[in-house]
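Engineer:
There are 2 protein chains.
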Amino acid sequence: MDIKQMAKIFKALSNPNRLELYLKISEAREASFNACGECSIADIKSCFNIGAPTVSHHIKELVNANLITTEKRGKFLICKVNTQLTSEVADLLRLTNNS
Amino acid sequence: MDIKQMAKIFKALSNPNRLELYLKISEAREASFNACGECSIADIKSCFNIGAPTVSHHIKELVNANLITTEKRGKFLICKVNTQLTSEVADLLRLTNNS
DNA sequence: CTCATGATTCGATGTTTATAAAATTATAAA
DNA sequence: TTTATAATTTTATAAACATCGAATCATGAG
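Which chain is which? The protein sequence lines are A and B, in order.
Counting along the first sequence from 1, when you hit position 27 you're at 52 in the working numbering, and nothing is skipped either side.
Counting along the second sequence from 1, when you hit position 76 you're at 101 in the working numbering, and nothing is skipped either side.
1) Which residues bound the beta strand (DSSP E) around A/PHE101?
2) Mapping the DSSP letters down to three states, classify B/ILE93 as helix, strand or coil.
3) Nearest CA to the CA of B/PRO78: which residue from B/LYS29, B/ILE50 and B/ARG43?
4) Counting pairs of beta carbons, one from the region 97-109 of chain B and one from the region 98-111 of chain A, are three or more of them closer than 8 Å?
5) Taking C-alpha atoms, which residue in A/THR95, A/ASN91 and A/LYS97 lies nearest to A/SER112?
6) From which residue to which residue does the alpha helix (DSSP H) around B/PHE35 run?
7) Would you kindly work out how many angstroms separate the C-alpha atoms of B/ALA67 and B/TYR47, rounded to a whole number?
8) At the level of alpha carbons, what is the spacing between A/ALA45 and B/ILE28?
9) Between the C-alpha atoms of B/THR108 and B/ASN74, what's the straight-line distance to the nearest angstrom?
10) Going by DSSP, which residues form a beta bridge with B/SER65?
11) Assuming B/ALA37 and A/ASN40 form a contact by the criterion Cβ under 8 Å, report the distance between their Cβ atoms to the nearest whole angstrom.
12) My understanding is that B/LYS85 touches B/THR94, with C-beta atoms under 8 Å, so please give their C-beta distance in whole angstroms.
13) Taking the C-alpha atoms as reference points, what is the distance between B/SER57 and A/GLU52?
14) Compute the distance between the beta-carbons of B/LYS49 and B/ILE69, then report whether it is under 8 Å.
15) By how many angstroms is the C-alpha of A/HIS82 removed from the C-alpha of A/SER65?
16) Do you know offhand how far A/LEU87's Cα is from A/GLN30's?
17) Quick one: which chain A residues come within Cβ less than 7 Å of B/LYS36?
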C-alpha cells in the first residue's frame with residue numbers, strides 16, 4: 026500500500042469522535058443497531074454529542090479513506106465497515122514489528 | 026485502550042512525512058542506518074526533503090504518542106520504535122474485524 | 001400535493017497543524 | 001577555549017480541520 030493512502034486512513038481515524046463513530050459502525054455488526062449489522066446516521070447521532078452536519082462530514086471522510094461503504098435505503102444512509110482494508114492496515118503495522 | 030489514546034496514535038501517523046519517518050525508524054532495525062537498529066535525526070533528515078526543525082517536531086509527536094523512544098548519544102538523538110505499542114494497535118484494528 | 005424527517009451542502013469561525021527561518025543550546029573536536 | 005555540527009526552541013504563517021447554524025435536498029407518509 027502506498028504511504029499516502031496509509032496516511033489518509035490514519036488521518037480518518039485520528040479524530041476521537043470520528044474514531045468512535047467508526048468503532049460504533051464496526052460493532053454494529055454484532056450488537057446491532059438494526060439487526061443486519063448496519064447503522065444509520067440517525068442511530069449514530071443519537072449516541073454522540075455532535076450535530077448532523079458534523080456526523081455527515083465525518084462519514085464522508087471515512088468513506089473517502091475507504092474505511093466504510095454507504096448505501097442509501099429510503100430516507101436512511103446505511104454504513105458498513107470495509108473489513109478488508111482494516112486488516113490490511115493491521116498487517117502493515119505488524120510488518121514493521123517483525124522483531 | 027482508551028479512545029483518546031488510540032486517536033492520538035493515529036494522529037501521529039496521519040501525516041505522510043511523519044508516517045514515512047516512523048516507517049524508516051522501524052525499518053532501521055533491519056537495513057540499518059548504524060547497524061544497531063537505530064536511526065539519528067541527521068540520518069532521517071538526509072532521506073527527506075524537510076528541514077531539521079520539522080523533523081524535530083515530528084519526532085516529538087511520535088514520542089508523545091509513545092510510538093518511539095529516543096536517547097541522546099553524544100551530539101546525536103537515537104530513535105527506536107516501541108514495537109509493543111505498534112502491535113497493540115495492530116491488534117485493535119484486527120478486533121474491529123472479527124467477521 | 002404537502003408535510004415531516006433524515007441527510008447534505010454552504011458559510012462562518014475558532015483551532016490545530018506543518019513548515020520554515022532565525023535564534024539558541026549542547027556537545028565534541030581542534 | 002574556540003569552532004563546527006546536531007538538535008531544539010521560538011516565532012510566524014499559510015493551510016487544513018472540527019464544528020455549528022441555516023438553508024437546501026430527498027424521500028416516504030398522510
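We put the beta carbon where it would ideally sit given N, CA and C, even for glycine.
Structural biologist: In terms of the structure at hand:
1) If you number the first sequence from 1, residue 101 of chain A lands on position 76. Note, A/PHE101: beta strand (DSSP E), 101-106.
2) Taking the first residue of the second sequence as 1, we reach residue 93 of chain B at position 68. The answer is strand: DSSP assigns B/ILE93 an E or B state.
3) Within the second sequence, residue 78 of chain B is the residue found at index 53, counting from 1. Ranking B/LYS29, B/ILE50 and B/ARG43 by Cα distance to B/PRO78 puts B/ARG43 first.
4) no
5) As a position in the first sequence, residue 112 of chain A is number 87, starting the count at 1. Checking every option, the nearest Cα to that of A/SER112 belongs to A/ASN91.
6) Stepping through the second sequence from its first residue, residue 35 of chain B is reached at position 10. Counting along the chain, the alpha helix (DSSP H) containing B/PHE35 begins and ends at 28-37.
7) Translated into positions along the second sequence, residue 67 of chain B becomes position 42. Translated into positions along the second sequence, residue 47 of chain B becomes position 22. Distance between the alpha carbons of B/ALA67 and B/TYR47: 14 Å.
8) Here residue 45 of chain A refers to the residue found at position 20 when the first sequence is read from its first residue. Here residue 28 of chain B refers to the residue found at position 3 when the second sequence is read from its first residue. For the record, residue 45 of chain A in the displayed sequence is Glu; it is not Ala. One C-alpha to the other measures close to 7 Å.
9) Residue 108 of chain B sits at position 83 when you count from the first residue of the second sequence. Residue 74 of chain B sits at position 49 when you count from the first residue of the second sequence. Answer to the nearest angstrom: the Cα atoms are 26 Å apart.
10) Looking up residue 65 of chain B in the second sequence gives position 40. Paired residues: B/ILE103.
11) On the second sequence, position 12 is the one that residue 37 of chain B refers to. On the first sequence, position 15 is the one that residue 40 of chain A refers to. Going by Cβ atoms, the distance from B/ALA37 to A/ASN40 rounds to 13 Å, so no, they are not a contact pair.
12) Here the question's residue 85 of chain B lines up with position 60 in the second sequence. Here the question's residue 94 of chain B lines up with position 69 in the second sequence. Not a contact, Cβ separation roughly 12 Å.
13) Against the second sequence, residue 57 of chain B aligns to sequence position 32. Against the first sequence, residue 52 of chain A aligns to sequence position 27. Its pLDDT being 48, under 50, B/SER57 is placed unreliably by the model, and the measurement read from it follows with that caveat. If I take the Cα positions, the gap works out to 40 Å.
14) If you number the second sequence from 1, residue 49 of chain B lands on position 24. If you number the second sequence from 1, residue 69 of chain B lands on position 44. Yes; because the gap between Cβ atoms is below 8 Å, this pair is in contact.
15) Translated into positions along the first sequence, residue 65 of chain A becomes position 40. Translated into positions along the first sequence, residue 82 of chain A becomes position 57. C-alpha separation (whole angstroms): 14 Å.
16) One-based indexing of the first sequence puts residue 87 of chain A at position 62. One-based indexing of the first sequence puts residue 30 of chain A at position 5. Taking the straight line joining both Cα atoms gives about 12 Å.
17) Taking the second sequence and counting its residues from 1, the one referred to as residue 36 of chain B is at position 11. Within chain A, the residues near B/LYS36 are SER39.
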